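Residue numbers (this note's numbering): 29 to 122.
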């Protein structure tokens, strides 16, 4: 099973699904995927506790499709998608 959501899937928060509560990281910085409005996600810089500029609309906040994650990264972060590490567990283990 992929950590990114296929086109058809039932919403459910899980440790192996990439969505709200998951991390995107680079050396020295971790970003938390959060939702501040229904069907929208954005990134929270865990060092500064500030949200990044752009949120995106998604189909399922609990299980993002890879193209949705690519769009979120592309709008908010400088490096290419492949330069970051993706942790579906993030804060969900707490």
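No residue lacks a Cβ here, since even glycine has one placed at the ideal position from N, Cα and C.
Here the structure is a predicted model, which is why all the values come from computation and not from measurement.
Select from the options the residue whose C-alpha is nearest the C-alpha of residue i.
i, options, result
"residue 121", "31, 41, 96", "41"
"residue 119", "32, 55, 30, 62", "62"
"residue 109", "47, 30, 52", "52"
"residue 43", "99, 90, 100, 101", "90"
"residue 111", "50, 49, 30, 54", "54"
"residue 68", "117, 116, 84", "84"
In terms of DSSP beta bridges, what is residue i paired with?
i, result
"residue 85", "68"
"residue 53", "58, 113"
Got a sec? Which residues, its chain only, sit under 7 Å from residue i by beta carbon, not counting five neighbours each side?
i, result
"residue 32", "46, 92, 93, 94, 97"
"residue 39", "88, 90, 91"
Going along the chain, which residues of its own chain have a beta-carbon closer than 6 Å to the beta-carbon of residue i, five neighbours each way excluded?
i, result
"residue 79", "70, 72"
"residue 49", "118, 119, 120"
Could you round the C-beta distance between residue i and residue j to whole angstroms and report it? I think they count as a contact, below 8 Å.
i, j, result
"residue 74", "residue 59", "7 Å"
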